[in-house]
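Protein chains in written order, with this note's numbering: chain A, 15 to 419; chain B, 155 to 413.
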């Protein structure tokens, strides 16, 4: 069972952090292991997921989309219907509940476009925790609505003005806060990356996605799916839906990374397909870096995938050949975004549109290889309301001269 | 030249050693070299050259800004090694302080080889713990380099003992829970931490860092530690007042340590 007791997935993962954080990581690891074995904790977590977050999410047989595409049965795992509109609520509720159990009263979080910040602020409001969210200054200006949401929920939002002033610098600043205030503060990390135990812990909090989808698919179709597709930025929704299927050798796992303008342009966020081995934010994985090991800024139309590294378990699944990772460009993702809107009346997050676009691309070859019409589960990890500004501009839906704010 | 030379010299003079940090390439590679030389002439016993990195999670605003400026100016890993080479003949041991990814990208053994060839004494690794350091332990042995790991007030006695057992040259005690930066008062946690480390370290010197900015503070820390590490205050002095201010502060720090 991976990771090993020091957080390694093969050569990946581990702990590349200042010694000052090791005691806190050890404490977190001990509490998390005990909590996961304690029916009182797991029962309360399940109750919150069911009664508050609205899970299990539906596995929706997307017949209109499937008919339009032809040659495949596409099932959508509707994480977009969860409270706060994405799979992320599972992770934040798990970590916030663990924070209470550890007797800490304060959580800090990083956020890019604001989704994890809003989710963290939600969990903190629900469980009565103080919440501080670090957000790149550039992003606070681009995402004023999410800043207002976080404030409405009682969180403090701190604009980060160092480095590139985006997500990776927000993580750096959160780590600096944590090392200073570790006695009373939990760092509510937003993805399945970072130092051990975060990659394993976040995976365990979101793995219900795959557990549900596997059972729902068996109930609906009588068999396991031929393939499961998810988008991969840091990789939490993907590891969440993959994990229950990893032992099912016949179920193909596809992770679709943000290809931005195309891998060949250098403007992308595809750490596995376009990056190399290295260490960032506390673990060893694949990352975007220059010849000197300096982090390169990532680019994606999707804020949630715009991160220059990826969780270590994905690096391991890639090297093992258990999951296949491919880039999907901004343009491919936006085509799929439009297609799902029109065929099913579902506006997906642009992140999730990457998963759908990738699935549509691999379906023909999969059908040929299998000799039958494949059943493919696509993780619809979030809803797209938050992306309407981007989509409106991309598709030219706003009248020229109109001020959108 | 091993850093033990610096600690032995200071000990013989009945005082703690002064350890000065500046990032390479700040404000430019040539000016950074001149600044390190000025620091040596003004009395530091041991030099730490910072390798500028895009994601410096242990550093406060002063060092972040300086290393950002160095990177914006185009500083490369080879410039950092060149800086070591340019100052290593000035009579005091020279260490590099670096986050781990640039070293791993360069190649751990290749970096150790080139650092040794440049006359460097070894490496301080703020985000590499001995648990993850197998490759560096081997490379530092092969190329006879000092390796300085960090301990913190939150470290357990077991971790202090384990970390100290892997250090060579000295042990770096981070005196406060937090990032680098000058503070008005030094940490009350520091003396306790130093005595805990000394209990495990035997004859290995213990240096204390994070927060010192004046001769008076240096004297306070030097009373219980073998080395007083100063970073942000020196970087601020260089940034705001150039070489004259850097010399003045270095002399003040050193005079605080002189019995």
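From the three backbone atoms N, C-alpha and C, an ideal C-beta is built for every residue, glycine too.
Who are the near neighbours of residue i in its chain, counting only those whose CB is closer than 8 angstroms to its CB and skipping five residues on each side?
| i | result |
| --- | --- |
| residue 419 of chain A | The predicted model places residue 419 of chain A with a pLDDT of 46, which falls under 50 and marks its position as unreliable, so this point remains unresolved. |
| residue 281 of chain B | 211, 212, 253 and 254 |
| residue 243 of chain B | 273 |
| residue 279 of chain A | none |
For a test of the three-state rule: what should DSSP assign to residue i, helix, strand or coil?
| i | result |
| --- | --- |
| residue 25 of chain A | coil |
| residue 300 of chain B | strand |
| residue 50 of chain A | helix |
| residue 163 of chain B | helix |
| residue 311 of chain A | coil |
| residue 366 of chain B | coil |
| residue 203 of chain B | strand |
| residue 208 of chain B | coil |
| residue 118 of chain A | coil |
| residue 393 of chain A | strand |
| residue 230 of chain B | coil |
| residue 303 of chain A | strand |
| residue 152 of chain A | helix |
| residue 283 of chain B | coil |
| residue 157 of chain A | coil |
| residue 290 of chain A | strand |
| residue 231 of chain A | helix |
| residue 170 of chain A | strand |
| residue 351 of chain A | helix |
| residue 62 of chain A | helix |
Would you call the CB atoms of residue i and residue j closer than 8 angstroms?
| i | j | result |
| --- | --- | --- |
| residue 291 of chain B | residue 318 of chain B | no |
| residue 160 of chain A | residue 128 of chain A | yes |
| residue 16 of chain A | residue 330 of chain A | yes |
| residue 203 of chain B | residue 257 of chain B | no |
| residue 382 of chain B | residue 344 of chain B | no |
| residue 412 of chain A | residue 352 of chain A | no |
| residue 362 of chain B | residue 329 of chain B | yes |
| residue 26 of chain A | residue 326 of chain A | yes |
| residue 94 of chain A | residue 394 of chain A | yes |
| residue 246 of chain B | residue 300 of chain B | no |
| residue 143 of chain A | residue 119 of chain A | yes |
Would you mind working out which of the options sits nearest residue i, comparing C-alpha positions?
| i | options | result |
| --- | --- | --- |
| residue 315 of chain A | A:390, A:404, A:213 and A:134 | A:404 |
| residue 354 of chain A | A:177, A:260, A:338 and A:368 | A:368 |
| residue 231 of chain A | A:55, A:70 and A:391 | A:391 |
| residue 194 of chain B | B:215, B:364, B:355 and B:400 | B:400 |
| residue 108 of chain A | A:92, A:224 and A:50 | A:50 |
| residue 47 of chain A | A:278, A:212 and A:234 | A:212 |
| residue 312 of chain A | A:284, A:203 and A:202 | A:284 |
| residue 252 of chain A | A:261, A:20, A:263 and A:267 | A:267 |
| residue 224 of chain A | A:236, A:257, A:246 and A:207 | A:257 |
| residue 110 of chain B | B:373, B:299, B:185 and B:240 | Absent from the model: residue 110 of chain B. The displayed extent of chain B is 155 to 413, so no value can be given. |
| residue 174 of chain B | B:379, B:366 and B:398 | B:366 |
| residue 56 of chain A | A:79, A:22 and A:115 | A:115 |
| residue 234 of chain A | A:88, A:18, A:19 and A:401 | A:88 |
Using a Cβ cut-off of 8 angstroms (strictly closer), state whether residue i contacts chain B.
| i | result |
| --- | --- |
| residue 194 of chain A | yes |
| residue 47 of chain A | no |
| residue 419 of chain A | Interpretation of residue 419 of chain A is limited by its pLDDT of 46, a score under 50 that renders its predicted location unreliable; the figure taken from the coordinates is listed afterwards. Not an interface residue. |
| residue 33 of chain A | yes |
| residue 43 of chain A | no |
| residue 180 of chain A | no |
| residue 307 of chain A | yes |
| residue 172 of chain A | no |
| residue 29 of chain A | yes |
| residue 303 of chain A | yes |
| residue 286 of chain A | no |
Keeping to the same chain, check which residues put their C-beta closer than 6 angstroms to that of residue i; ignore five residues upstream and five downstream.
| i | result |
| --- | --- |
| residue 208 of chain B | none |
| residue 148 of chain A | 124, 172, 174, 184, 187 and 188 |
| residue 178 of chain A | 311 |
| residue 43 of chain A | 211 |
Suppose the cutoff is 7 angstroms on Cβ atoms and the five residues either side in sequence are ignored; what does the same chain contact list for residue i look like?
| i | result |
| --- | --- |
| residue 220 of chain B | 177, 180, 389 and 393 |
| residue 265 of chain B | 257 |
Closer than 8 angstroms, CB to CB, is residue i near chain A or not?
| i | result |
| --- | --- |
| residue 332 of chain B | yes |
| residue 254 of chain B | yes |
| residue 380 of chain B | no |
| residue 259 of chain B | yes |
| residue 360 of chain B | no |
| residue 353 of chain B | no |
| residue 267 of chain B | no |
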